[in-house]
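**Q** Residue numbers (the working numbering): 322 to 514. Quick reminder that beta carbons are idealized off the backbone N, C-alpha and C, glycines included.
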Amino acid sequence: MLLPKEFVSYLARQIVKRLSPQYMEVADPAVGTEVAGGIILEELAVEDKLNEDVRELLSQYAEYMRREDISYQEMFKKIKTQLIRERKIVRASGRDTGDSMKLSRDKITDISHKLVAVMRKGRDFRLKKDQNEVRLEIVRTITDILTLDDKADRAARLKVRSHKKEIIEGGDEWNALHKRYYAEEMKKLGIDV
Numbered sequence: 322m323l324l325p326k327e328f329v330s331y332l333a334r335q336i337v338k339r340l341s342p343q344y345m346e347v348a349d350p351a352v353g354t355e356v357a358g359g360i361i362l363e364e365l366a367v368e369d370k371l372n373e374d375v376r377e378l379l380s381q382y383a384e385y386m387r388r389e390d391i392s393y394q395e396m397f398k399k400i401k402t403q404l405i406r407e408r409k410i411v412r413a414s415g416r417d418t419g420d421s422m423k424l425s426r427d428k429i430t431d432i433s434h435k436l437v438a439v440m441r442k443g444r445d446f447r448l449k450k451d452q453n454e455v456r457l458e459i460v461r462t463i464t465d466i467l468t469l470d471d472k473a474d475r476a477a478r479l480k481v482r483s484h485k486k487e488i489i490e491g492g493d494e495w496n497a498l499h500k501r502y503y504a505e506e507m508k509k510l511g512i513d514v
């Protein structure tokens, strides 16, 4: 998943906190947080399922790709792009679309539309402003928090690179160190993941 579940929980809490009471009223902030977190997780799961489907397809053609000397990454991108078009999915990974953040701007906008739709229909919410104003505030909130996440990620990467011993990105040691440094950086920003 692009974002850890703990981070999604934090993101959902912040959305509810920043929107209340100026943009909406929520009967129970815990329920509001659960609803927002559920929608975000559901949207991220769509891309996870897509990646799983692409991997399954590629496993069927492993021998062909080896014979024809086609790189796995290149084929993965092509098939994923084709399935995204066919299934009309909004690409979640921002880095795949050139965005610096983990989530693409299109996915953030898509999530904001879905959150507002649920808020409009749900009994736990009452919008106090125009739905587009609420949606734009959701986009701002998600973008602000993802900017903090990006800063923490960059700082964690720098710390891993600063080790005297060269640690190869993607390896177990690199992943463990990055995870630890990332958590430390997020904690400095007041976010416990």
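1. Between the Cα of Ile-512 and the Cα atoms of Leu-323, Ala-333 and Met-322, which residue gives the shortest distance?
2. For Ile-360 versus Val-437, is the C-beta distance shorter than 8 Å?
3. For Lys-401, is the classification buried or exposed, using 16 other Cβ atoms within 10 angstroms of its Cβ as the cut-off for buried?
4. Pick helix, strand or coil for Met-269, following the three-state DSSP scheme.
5. If contacts are defined as beta-carbon pairs under 8 Å, then Glu-458 and Leu-365 qualify, I think. What distance do you get, rounded to the angstrom?
6. Rounded to whole angstroms, what's the CA-CA distance from Ile-391 to Gln-335? Just pull it up for me.
7. Could you tell me which whole beta strand (DSSP E) segments of length 3 or greater appear in the stretch 384–472?
8. The beta strand (DSSP E) that contains Met-345, what's its start and end?
9. From His-484, Arg-426, Gln-394 and Val-375, pick the residue whose C-alpha is nearest to that of Ile-405; which is it?
10. Looking at the secondary structure, which residues open and close the alpha helix (DSSP H) in which His-499 lies?
11. Quick one: measure Cβ to Cβ for Ile-523 and Ile-429, integer angstroms, because I've assumed they're closer than 8 Å.
12. Are the Cβ atoms of Leu-510 and Ala-473 separated by less than 8 Å?
13. Determine the DSSP secondary structure at Glu-487, reduced to helix, strand or coil.
**A** Working from what's here:
1. Ala-333
2. no
3. buried
4. With the chain represented from 322 up to 514, any question about residue 269 goes unanswered, as that position is not in the structure.
5. Between Leu-365 and Glu-458 the Cβ distance is about 21 Å, and since that is not below 8 Å, they are no contact.
6. 44 Å
7. 446–448
8. 345–347
9. Val-375
10. 493–509
11. Outside the displayed range of the chain (322 to 514) lies residue 523, so it cannot be described from this structure.
12. yes
13. coil
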